[in-house]
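**Q** So the sequence lines, in the order shown, correspond to chains G and U. Going by my numbering, the first sequence opens with residue 1, and the numbers climb by one from there. Going by my numbering, the second sequence opens with residue 1001, and the numbers climb by one from there. Where a beta carbon is used, it is the ideal one built from N, C-alpha and C, also for glycine.
Number of protein chains: 2
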Amino acid sequence: MKQVGTHLVVDAWEAPQDLLNDPEGIRRALIDAISAGEATLIDLCVHQFSPHGVTATATLAESHIAIHTWPEHGYFAADLFFCGSGQPKLAMKILQTALKAKQVRMREIDRGFEETTRVEESMVESLYHMVR
Amino acid sequence: MKQVGTHLVVDAWEAPQDLLNDPEGIRRALIDAISAGEATLIDLCVHQFSPHGVTATATLAESHIAIHTWPEHGYFAADLFFCGSGQPKLAMKILQTALKAKQVRMREIDRGFEETTRVEESMVESLYHMVR
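1) How many Å lie between Ser63(G) and Pro51(G) at the Cα?
2) When Cβ atoms are compared, which residues of the stretch 51-71 of chain G fall closer than 9 Å to chain U?
3) For the stretch 19-76 of chain G, which segments carrying the alpha helix (DSSP H) assignment without a break, of at least 4 residues, lie completely within its bounds, in sequence order?
4) By the criterion of Cβ-Cβ separation under 7 Å, what are the contact partners of Gly1112(U) in chain G?
5) How about Gly25(G) and Pro88(G): do their beta carbons lie closer than 7 Å?
6) Taking Lys1002(U) as the reference, give the member of Phe81(G), Glu72(G), Gln96(G) with the closest Cα.
7) Going by alpha carbons, who is nearest to Leu1095(U) out of Ile1042(U), Phe1049(U), Ala1066(U)?
8) Between Asp22(G) and chain U, is the shortest Cβ-Cβ distance under 7 Å, so that the two count as touching?
9) Answer with yes or no whether the minimum CB distance from Ala1077(U) to chain G is below 7 Å.
10) From the DSSP secondary-structure annotation, give me the bridge partner or partners of Ile109(G).
11) Nearest-angstrom Cα distance between Leu19(G) and Leu99(G)?
12) Would you mind giving the Cβ-Cβ distance between Ala101(G) and Ala12(G), rounded to the nearest angstrom? I have them listed as a contact below 8 Å.
13) If I follow the unbroken alpha helix (DSSP H) through Pro16(G), where does it start and stop?
14) Counting only Cβ pairs nearer than 8 Å, list the residues of chain G close to Asp1043(U).
15) Straight-line CA distance for Val104(G) to Val1104(U)?
16) Could you tell me the distance, in whole angstroms, from the CA atom of Leu1060(U) to the CA atom of Thr1040(U)?
17) Taking the alpha carbon of Glu115(G) as the point to measure from, which residue in Thr1006(U), Val1010(U), His1007(U), Glu1014(U) has its own alpha carbon closest?
18) Could you please give the first and the last residue of the uninterrupted alpha helix (DSSP H) stretch that includes Met1092(U)?
19) Who are the near neighbours of Cys1055(U) in its chain, counting only those whose CB is closer than 6 Å to its CB and skipping five residues on each side?
20) Which residues in the same chain have their Cβ closer than 6 Å to the Cβ of Asp110(G), if we skip the five residues on either side of it in sequence?
21) In its own chain, which residues sit with a C-beta less than 6 Å from the C-beta of Phe1113(U), not counting the 5 before and 5 after it?
22) Are the beta-carbon atoms belonging to Leu8(G) and Leu90(G) less than 7 Å from one another?
23) Would you mind telling me which residues of chain U sit closer than 9 Å to Ile109(G), beta carbon to beta carbon, in chain order?
24) Determine the DSSP secondary structure at Glu1125(U), reduced to helix, strand or coil.
25) With Val10(G) and Ala58(G) assumed to form a contact (beta carbons below 8 Å), what rounded beta-carbon distance in angstroms separates them?
26) Once you ignore the five residues that flank Leu1044(U) on each side, which residues in its own chain have a CB closer than 6 Å to its CB?
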C-alpha cells in the first residue's frame, strides 16, 4: 500500500463533565495539542451544543483533528489524521491530559491506497457493494 | 459497548486529478453529500494547497466529514462520522460519484465506550502505554 498518513481513532471516557462541556478549554487544549504535534493550523471551529456537548474540528496542513464530547457520558471521540510530518501521538497525549480521561482506546489506521492497475467498471461497482 | 456513532473511514483512488484539485467542486460535493446524508452543517472549511491538493472539513451537528485529496496520486481520504441520525453511506455515495473514484475501500468503525467501573490511575497509564 502507498501510505499517505497515520490516523489515530480514539475513544476516551471517564473524563470530568465540566471539562467536556467547556468550549474554551477544548479550544486551548487543541491549540496546545497541535503545537505539541508539530502541526500547522489552517482553521479551527469550536461549537457548543445545547444543553451540553462540544464539537471541534481543526483543519491542518497535515490533515485534521476532530473532537466530539458527550459530557453526560464522560466520553469524547477524537480523530487525529496526520500525513507527512507531525507527531499525532504527542498531540493525543496533550488532549488526554487536558480532558483527564481515565480510559483511552486508541486505534492506529494507515491511510492510503493500493497501487493497482486500472480495473473495469463492473469490478468497481462490486467493490462498492461489498462495503455497503 | 455504548455506541454513540458510526464512522466510515474511506480511502478512494483512481479519481481524475482535475476533480481532486477543484475546491469549489469539492465544496459543492460536500454540501450535496451532507444533504443526502440528512445531516446539518455547522461550519465548512475548504482549503486549496499549493501546488495541488484540497482539504475540506465539515463540522456537523452529527459530528464531522473530512476529505483530503492527493491529485498527483488520484487519491482521496474521506471520514464520515455520524452520531445519532443521518445516513453516512448515502453521503459517501455522493462524494464517490462526484469525484469519480473507481476504487473505494470503506471501513466502518463503531465509536463509543465501554461501560466499565472506575479503574485505578496505574491501570490507565498502562492502557495508554499499550497503544503507543
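**A** To lay it out plainly:
1) Residue 63(G) sits at position 63 when you count from the first residue of the first sequence. Residue 51(G) sits at position 51 when you count from the first residue of the first sequence. If you draw a straight line from the Cα of Ser63(G) to the Cα of Pro51(G), it is about 30 Å long.
2) Those residues of the stretch 51-71 of chain G that come within reach of chain U (Cβ to Cβ, closer than 9 Å) are Thr55, Ala56, Thr57, Ala58, Thr59, Leu60, Ala61, Ser63, His64, Ala66, His68, Trp70.
3) Fully enclosed alpha helix (DSSP H) runs of no fewer than 4 residues occupy 23-36 of the stretch 19-76 of chain G, in order along the chain.
4) Here the question's residue 1112(U) lines up with position 112 in the second sequence. Result: Asp11.
5) In the first sequence, counting from the first residue as 1, residue 25(G) sits at position 25. In the first sequence, counting from the first residue as 1, residue 88(G) sits at position 88. For Gly25(G) and Pro88(G), no; Cβs fall outside 7 Å.
6) As a position in the second sequence, residue 1002(U) is number 2, starting the count at 1. Nearest option by C-alpha distance: Glu72(G).
7) Taking the second sequence and counting its residues from 1, the one referred to as residue 1095(U) is at position 95. Restricting attention to Ile1042(U), Phe1049(U), Ala1066(U), the CA atom closest to the CA of Leu1095(U) is found in Ala1066(U).
8) Position 22 of the first sequence holds residue 22(G). No - not a single Cβ of chain U is within 7 Å of the one on Asp22(G).
9) Counting from one through the second sequence, the residue named residue 1077(U) turns up at place 77. So yes, Ala1077(U) belongs to the interface.
10) Here residue 109(G) refers to the residue found at position 109 when the first sequence is read from its first residue. BP columns for Ile109(G) point to His7(G).
11) The count along the first sequence starts at 1 and reaches residue 19(G) at position 19. The count along the first sequence starts at 1 and reaches residue 99(G) at position 99. Near 6 Å, if we compare the C-alpha coordinates of Leu99(G) and Leu19(G).
12) The residue you call residue 101(G) lines up with position 101 of the first sequence. The residue you call residue 12(G) lines up with position 12 of the first sequence. Going by Cβ atoms, the distance from Ala101(G) to Ala12(G) rounds to 4 Å, so yes, they are a contact pair.
13) For the purposes of this step, residue 16(G) is taken as residue 16 along the first sequence, with counting starting at 1. First-last for Pro16(G): undefined, no H or E at that position.
14) In the second sequence, residue 1043(U) corresponds to position 43, counting from 1. For Asp1043(U), the chain G residues whose Cβ falls inside 8 Å of its Cβ are Cys45, His47, Thr57, in order along the chain.
15) Counted from its first residue, the first sequence places residue 104(G) at position 104. Counted from its first residue, the second sequence places residue 1104(U) at position 104. Using only the alpha carbons, I get a separation of about 30 Å.
16) The residue you call residue 1060(U) lines up with position 60 of the second sequence. The residue you call residue 1040(U) lines up with position 40 of the second sequence. A straight-line Cα-Cα distance of about 6 Å links Leu1060(U) and Thr1040(U).
17) The residue labelled residue 115(G) in the question sits at position 115 within the first sequence. When only C-alpha atoms are compared, the closest one is Glu1014(U).
18) Translated into positions along the second sequence, residue 1092(U) becomes position 92. 1088-1099 is the span of the alpha helix (DSSP H), which, as asked, contains Met1092(U).
19) Counting from one through the second sequence, the residue named residue 1055(U) turns up at place 55. In the sequence on display, residue 1055(U) carries Thr and not Cys. Its chain contains His1047, His1068 as the residues whose beta carbon lies nearer than 6 Å to that of Thr1055(U), once the 5 sequence neighbours on both sides are disregarded; these appear in chain order.
20) Along the first sequence, read from residue 1 onward, the residue named residue 110(G) stands at position 110. Its chain contains Gln3 as the residues whose beta carbon lies nearer than 6 Å to that of Asp110(G), once the 5 sequence neighbours on both sides are disregarded; these appear in chain order.
21) In the second sequence, counting from the first residue as 1, residue 1113(U) sits at position 113. Scanning its chain for C-beta atoms nearer than 6 Å, with the 5 sequence neighbours on each side dropped, one finds around Phe1113(U) the residues Lys1002, in chain order.
22) Here residue 8(G) refers to the residue found at position 8 of the first sequence. Here residue 90(G) refers to the residue found at position 90 of the first sequence. No, the pair does not count as a contact, with Cβ atoms beyond the cut-off.
23) As a position in the first sequence, residue 109(G) is number 109, starting the count at 1. The answer, in chain order, is Val1009, Arg1107, Ile1109.
24) Sequence index remark: in the second sequence, residue 1125(U) carries index 125 (1-based). Residue confidence for Glu1125(U) is low, a pLDDT of 46 falling below 50, so the modelled location carries little weight; the figure read from the coordinates is stated next. Of the three classes helix, strand and coil, the one that applies to Glu1125(U) here is helix, per DSSP.
25) The sequence position of residue 10(G) within the first sequence is 10, counting from 1. The sequence position of residue 58(G) within the first sequence is 58, counting from 1. Contact doesn't hold; Cβ gap of about 14 Å is too wide.
26) Taking the first residue of the second sequence as position 1, residue 1044(U) is located at position 44. Ala1058, listed in sequence order.
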